[in-house]
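Sequence positions in the sequence shown follow our numbering and run 114 to 215.
Backbone N, C-alpha and C define an ideal beta-carbon position, used for all residues, glycine too.
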Amino acid sequence: MVKLVAVYSKPENPSAFEKHYFETHLPIAKKMPGLVKCEIERVTGSPMPGAETPYLAAHMYFSDMGALQAAMKSEEGKAAARDLLGFAGKYVRMFFTEVVNA
């Protein structure tokens with residue numbers, strides 16, 4: 114299992130950001146083919162004093178890297194990327210991760 118992880122810094126207008134994110138962006142992103150599961154988390158704090166705390170994190174699960182890459186190349190993936198860059202490009206950092214069971 115692999116994930117596409119998006120970590121967002123706090124936007125200038127959190128209510129407008131969340132409205133667009135949950136009402137427009139997320140419905141587009143959830144149409145990506147091969148998506149197994151999607152989790153969105155609101156960051157509530159950090160145990161590390163002085164650490165920059167992200168605002169929101171999204172974890173999109175795929176069966177393997179091939180499925181994730183195919184999803185990103187799909188029309189739905191391209192639409193999600195266009196939308197993301199349009200409203201959150203300056204707030205987001207993205208990563209590929211592999212789920213490792215401990």
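Under the three-state DSSP convention, the category residue i falls into
i       : result
Ala-164 : coil
Leu-197 : helix
Lys-123 : coil
Unbroken alpha helix (DSSP H) run spanning residue i, endpoints
i       : result
Lys-132 : 127 to 133
Leu-181 : 178 to 186
Other residues of its chain near residue i: CB distance less than 6 angstroms, five sequence neighbours each side excluded
i       : result
Pro-146 : Ala-184 and Ser-187
Glu-152 : His-172
Glu-189 : Lys-144 and Met-145
Endpoints, the beta strand (DSSP E) within which residue i is located
i       : result
Leu-139 : Segment 139 to 142 is the alpha helix (DSSP H) holding Leu-139; no beta strand (DSSP E) there.
Glu-211 : 205 to 211
Leu-169 : 169 to 175
Glu-136 : Unbroken run through Glu-136: none, as it is neither H nor E.
Through-space distance from residue j to residue i, alpha-carbon basis
i       : j       : result
Tyr-121 : Gly-163 : 18 angstroms
Glu-165 : Lys-123 : 10 angstroms
Val-205 : Phe-135 : 15 angstroms
Leu-148 : Lys-132 : 23 angstroms
Ala-192 : Ala-142 : 8 angstroms
Thr-137 : Asn-214 : 33 angstroms
Gly-179 : Ser-159 : 34 angstroms
Gly-199 : Val-118 : 18 angstroms
Other residues of its chain near residue i: CB distance less than 8 angstroms, five sequence neighbours each side excluded
i       : result
Val-212 : Met-114, Val-115, Lys-116 and Tyr-174
Glu-154 : Leu-169, Ala-170, Ala-171 and His-172
Cβ neighbours of residue i in the same chain (closer than 7 angstroms, five flanking residues each side left out)
i       : result
Lys-150 : Tyr-174
Pro-167 : Val-120, Tyr-121, Ser-122 and Val-156
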